[in-house]
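Let me begin by presenting the structure, written as structure tokens, before commenting on it.
Number of protein chains: 2
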Amino acid sequence: MDNTLTVTPKTRVKRAPKRAVYERDALYAIFDAAIVAHVGFQIEGQPFVIPTLCWRAGNSLYIHGAGSSRMLKHLDSGAPVCVTATHLDGLILAKSAFHHSANYRSACVFGAFTRVIDELEWIESFRIFTEQIAPGRWDHIRPPSAKETKATHVYKLSLDEASVKVRTGPPNDDPEDQARPVWSGEIPVRQVFGPMQPDQYAEGIAEPDYSEAYGRRWIAPASNERTTE
Amino acid sequence: MDNTLTVTPKTRVKRAPKRAVYERDALYAIFDAAIVAHVGFQIEGQPFVIPTLCWRAGNSLYIHGAGSSRMLKHLDSGAPVCVTATHLDGLILAKSAFHHSANYRSACVFGAFTRVIDELEWIESFRIFTEQIAPGRWDHIRPPSAKETKATHVYKLSLDEASVKVRTGPPNDDPEDQARPVWSGEIPVRQVFGPMQPDQYAEGIAEPDYSEAYGRRWIAPASNERTTE
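First to last, the sequence lines map onto chains A and B. First residue of the first sequence? That's 1 in the working numbering, and the numbers climb one at a time after it. First residue of the second sequence? That's 1 in the working numbering, and the numbers climb one at a time after it.
Pasting the structure below:
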């Protein structure tokens, strides 16, 4: 598949076009790092923005929920959506109020969800989701029962029409402000995971190593020798 | 002001009503902890969900941007919006695939933005925003010039019609799954800040202490004695 995203009237970045990234790799990376996406839809002119867990497999973005969900029922109609994932990476502190900013990665996808009906695709999508969150876990948990499978709906959205915006780097102060004696730079912002908190039914069960899924953003227990960030 | 949020057809939580919180304090706390919110609007039936920096003052949520922004121009028309802030607090790993979940706090506000035209309110809103991000900073940075003030538009949204959903606690496994020998519990998720990265114009300037704004989620430099999380 071509790595260049097709630009459409909806996906062309008009403000700060230098921050636009029209690459499929960048789009995938943003959704792969996202656990939550914000789904936008409208009913009779009123917009709704609902946070939901998301995962990517191939060129599709997946979400799931109870079949009784108001949002999912609405998506069943093929309603147009915009789904956005955002990572705040840093606060940019400039010498002037005006040039304060943020470093971030964000992606907006446009399209319409379709429900995953095929049983094999349904179960495989959950296996992928689980393995992304907790590698190796799928083979140990109880698989969905017939009743649970029926109650849980999965929807997918093609990642074909999307826009990506990214800001990196230090402040962009005006030259005449650069000598001003106020601290300038970036406060990095990171999402970190752990240490794991067992529930009462985990007693005596070895703690699995899911750090692979989170790379350097994993905070291990104090007794563990993994490096903390 | 009454701490109980008025329930409307838009804000009544239908799915998992036990996770609904109809308290103004909880709504404010979610936006106070949020740096980015997702603004949803629709143009000719197509939804858009745009991430943007946000801050709260009193009973209003504020956003800002270039006056030339497509989104802000659209908001000028008094278009209905939904603005959502979400904090992912933990991944919930249950014994069954079905009961996997997430801990989170999210708030959706409905209404219409109005532009802040009054000059005193405009500058005061930026002072509040800056001081929330970096306490004490406003008095040291260069204030906005007349040109910058004209180019930067501020919008506010009343926090009157809003819904809040929160999940906390361990997995809710079915009794017949509790003895299953697979680890169960929570992987906490946190947003952390720092250590600060000076730019080239910060040389020789003392690093300010902004940790107050971020509480325990501040990661100090290794040479510093503050506790890291």
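Glycine is no exception: its CB is placed at the ideal position from the N, C-alpha and C atoms.
Report the residue from the options whose alpha carbon sits nearest the alpha carbon of residue i.
i	options	result
I50 (chain B)	B:L61, B:I43, B:H38 and B:N59	B:H38
D139 (chain A)	B:T84, B:Q197, B:W218 and B:R180	B:R180
L159 (chain B)	B:N59, B:K14 and B:L53	B:N59
G65 (chain A)	A:E131, A:T149 and A:G194	A:T149
I205 (chain B)	A:Q191, A:M196, A:G185 and A:D199	A:G185
G78 (chain B)	A:A202, A:G45 and A:P171	A:G45
K73 (chain A)	A:F113, A:E203, A:R217 and A:R167	A:F113
R56 (chain B)	B:P47, B:R70 and B:D32	B:D32
G111 (chain A)	A:Y155, A:E161, A:E121 and A:R70	A:E161
Q230 (chain A)	B:D2, B:F98, B:F126 and B:N172	This structure cannot settle anything about residue 230 (chain A), because the visible part of chain A is limited to 1 through 229.
D2 (chain B)	B:Y22, B:V13 and B:P17	B:Y22
T168 (chain B)	B:F129, B:L75, B:K18 and B:Q42	B:K18
L75 (chain A)	A:V166, A:F41 and A:F126	A:F41
R12 (chain B)	B:D177, B:C108 and B:T130	B:C108
I117 (chain B)	B:A202, B:Y155, B:V166 and B:P9	B:Y155
Y104 (chain B)	B:V83, B:V166, B:S145 and B:K95	B:V166
Y210 (chain B)	B:D174, B:K147 and B:Q132	B:Q132
P175 (chain B)	B:I63, B:V83, B:H99 and B:A20	B:H99
S125 (chain B)	B:R216, B:E203, B:S145 and B:H153	B:H153
Q178 (chain B)	A:D177, A:I128 and A:A202	A:A202
S106 (chain B)	B:V7, B:A20 and B:P195	B:A20
For residue i and chain A, any beta-carbon pair shorter than 8 Å?
i	result
T114 (chain B)	no
W183 (chain B)	yes
A222 (chain B)	Confidence in A222 (chain B) is poor, its pLDDT being 46 and thus under 50, which makes the residue's placement unreliable; the coordinate value appears in the next sentence. So no, A222 (chain B) is outside the interface.
I86 (chain B)	In the sequence on display, residue 86 (chain B) carries Thr and not Ile. Yes, contact with chain A.
I187 (chain B)	yes
R159 (chain B)	Sequence check: residue 159 (chain B) is Leu here, not Arg. Answer no: the Cβ-Cβ gap between L159 (chain B) and chain A never drops below 8 Å.
E124 (chain B)	no
K81 (chain B)	The sequence given here places Val at residue 81 (chain B); Lys does not occur at that position. So yes, V81 (chain B) belongs to the interface.
E23 (chain B)	no
R167 (chain B)	no
L53 (chain B)	yes
T180 (chain B)	According to the sequence shown, residue 180 (chain B) is Arg rather than Thr. For R180 (chain B), the answer is yes, since a Cβ of chain A falls inside 8 Å of its Cβ.
K156 (chain B)	no
K73 (chain B)	no
Let me see if you follow: with CB-CB separation under 8 Å, is residue i close to chain B or not?
i	result
L27 (chain A)	no
E225 (chain A)	At E225 (chain A) the pLDDT is 40, less than 50, meaning the model places this residue with poor confidence; the figure from the coordinates comes in the next sentence. It does not; no Cβ of chain B falls within 8 Å.
E121 (chain A)	no
G40 (chain A)	yes
P17 (chain A)	no
V49 (chain A)	yes
V36 (chain A)	yes
R70 (chain A)	yes
P175 (chain A)	no
A66 (chain A)	yes
G45 (chain A)	yes
D2 (chain A)	no
V7 (chain A)	no
R216 (chain A)	no
K150 (chain A)	no
L93 (chain A)	yes
Measuring CB to CB, does residue i end up less than 8 Å from residue j?
i	j	result
I123 (chain A)	A85 (chain A)	no
A102 (chain B)	L88 (chain B)	yes
V36 (chain B)	L157 (chain B)	no
Q191 (chain A)	Q191 (chain B)	yes
L53 (chain B)	R24 (chain B)	no
G67 (chain A)	A151 (chain A)	yes
W183 (chain B)	P170 (chain A)	no
V164 (chain A)	L27 (chain A)	yes
P135 (chain B)	A34 (chain B)	no
P188 (chain B)	A97 (chain A)	no
K14 (chain B)	R70 (chain A)	yes
P47 (chain B)	P47 (chain A)	yes
Interface residues of chain C around residue i at Cβ under 9 Å?
i	result
S77 (chain B)	The structure shown has no chain C; the protein chains it does contain are A and B.
Going by the DSSP bridge assignment, what does residue i pair with across the sheet?
i	result
H64 (chain B)	B:V154
F193 (chain A)	A:W218 and B:V189
E23 (chain B)	B:T4
G111 (chain B)	B:V81
K165 (chain A)	A:A20 and A:S106
T86 (chain B)	B:S106
R15 (chain A)	Note: R15 (chain A) sits in no beta bridge, so no partner.
S96 (chain A)	B:R142
T149 (chain B)	Beta-bridge pairing links T149 (chain B) to no other residue.
F31 (chain B)	DSSP, once it has assigned bridges, lists no residue as partnering F31 (chain B).
Can you determine whether any heavy atom of the ligand FMN sits closer than 7 Å to the C-beta of residue i, and answer yes or no?
i	result
P9 (chain A)	Questions concerning the ligand FMN fall outside what the structure shown contains, since it holds no ligand whatsoever.
Which residues of the segment 190-212 of chain B have a Cβ closer than 8 Å to any Cβ of chain A? Give them in chain order. The residues in question are R190, Q191, V192, F193, G194, P195, M196, Q197, P198, D199, Q200, Y201, A202, I205, A206, E207, P208 and Y210.
Check distances from the C-beta atoms of the segment 128-146 of chain B to those of chain A and list, in chain order, the residues that come in under 9 Å. F129, T130, I133, A134, R137, W138, H140, I141, R142, P143, P144 and S145
Contact list for the segment 97-113 of chain B against chain A, Cβ threshold 8 Å: A97, F98, H100, A102, Y104, S106, C108 and F110
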